[in-house]
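Remarks on the structure that follows.
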Amino acid sequence: MKTISLSIIGFGAVGQGVASSILTKQNYLKEQGFNLRVVAISDSKGSEVNPEGIDIERALKRKNQEGTIAKSNQKALDIIREVEHEIVVEATPTNIKDGEPGISNMLGAFNSGRHVVTSNKGPLVLRFLELKEAAEDNGVMFRYEATVGGAVPIFNLIHEALSGNTVIGIEGILNGTTNYILTRMAEERMPYEIVMKEAQELGIAETDPSYDVEGIDSACKLVIIANSIFGQNATYRDVNVTGITKITPEALELASKNNYVVKLVCEAGKGHLTVAPRLVPKRHPLSVGGTLNVASILTDLAGRITISGKGAGSVETASSILSDILYIIKNS
Ligand code: HSE
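Heads up: the sequence shown begins at 666 in this note's numbering, then just goes up one per residue.
Take a look at the structure:
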């Protein structure tokens, strides 16, 4: 049995999803020879640290009842540097203004010789190359499947299953909130304000929903794709972005009458990055409804490969994080 210690830094929807997935999959993982021991959990108010392994069930219950995991006010960065463990799960909220506290947490982890698995887009949008190099310089791994597409394994698919292929271009829908809004407006003729509220109630919209509807979240994901897959050093400014705020119910109706849907489509190829509403034929592979995400990858050998699935959600995002954790265990 291989025992691996990890910390969960950030205990919101994603962090809790990771904890509960580790709990529910404990026996399954043990059957495969892996014992995942969570030695520290941290949220914005404080932390719990236990080198013998935190009782996850009690930790989740306490978070639920008291609104925090805090048993002490030990800081996340001190935990990352000082508590003995192998993998840091960095699940603090995305901040695309300065990338903090994610950037400091990730650099702190790499410089302490710890691997990082993250769902946090901000640091990758702002300082991808620097983070990648810091991981390489310290001989540790940097995995970020959960940053784009939630449960949909875009990076794994391209870097592992399609390795050997050259990726020519990627197009897709990478924001569940806007897809939900456009689908409901088109299919149920619901007004924008009401469907936006529904998306917020589903817990998939960003804290500031203008990030979704103005295409900012999609653009951030496209930057991560450009840097990870096309080896670019792109930032948000390199993306041409148009959101969905100017799409009227009449436009959606007209599209539908002509057998089209309107989708907020992301496109990445060498040299161009675009997020914009597009007319998509109703039977086209990109025409997925509700909160679904989709990525269609054009390669030289395999041709076009399209995958679709849940782009947000606590346990769904944890699926990608768990897969990255297991990748590190198997390959380090
Ligand atoms: N607000 C995002 C979405 C969450 O709707 O897709 C997942 O990144």
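Beta carbons: idealized from backbone N, C-alpha and C, even for Gly.
- Between the ligand HSE and ILE972, a heavy atom-to-CB distance of less than 6 Å is absent.
- With 16 or more other Cβ atoms inside 10 Å of its own Cβ, ASP882 counts as buried.
- If you look at ASP743, you'll find it in the alpha helix (DSSP H) that goes 741-747.
- Per DSSP, the continuous beta strand (DSSP E) segment holding ILE674 begins and ends at 667-674.
- SER988 has its alpha-carbon roughly 14 Å from the corresponding atom of HIS780.
- As DSSP reads the structure, TYR876 sits in no beta bridge.
- In this model, ASN785 and ASP903 are separated by some 20 Å (Cα to Cα).
- The ligand HSE approaches ASN840 closely enough that one of its heavy atoms is under 6 Å from the residue's Cβ.
- Contact annotation, THR848 with GLY974: C-beta distance approximately 16 Å; criterion of less than 8 Å not satisfied.
- Checking the 6 Å criterion, the Cβ of ILE993 is out of range of every heavy atom belonging to the ligand HSE.
- In the DSSP assignment, ALA864 falls within the alpha helix (DSSP H) that extends over 857-866.
- Taking 7 Å as the cut-off, the Cβ atoms of ALA884 and VAL940 count as close.
- Straight-line spacing of the CA atoms in ILE669 and LYS928 works out to 42 Å.
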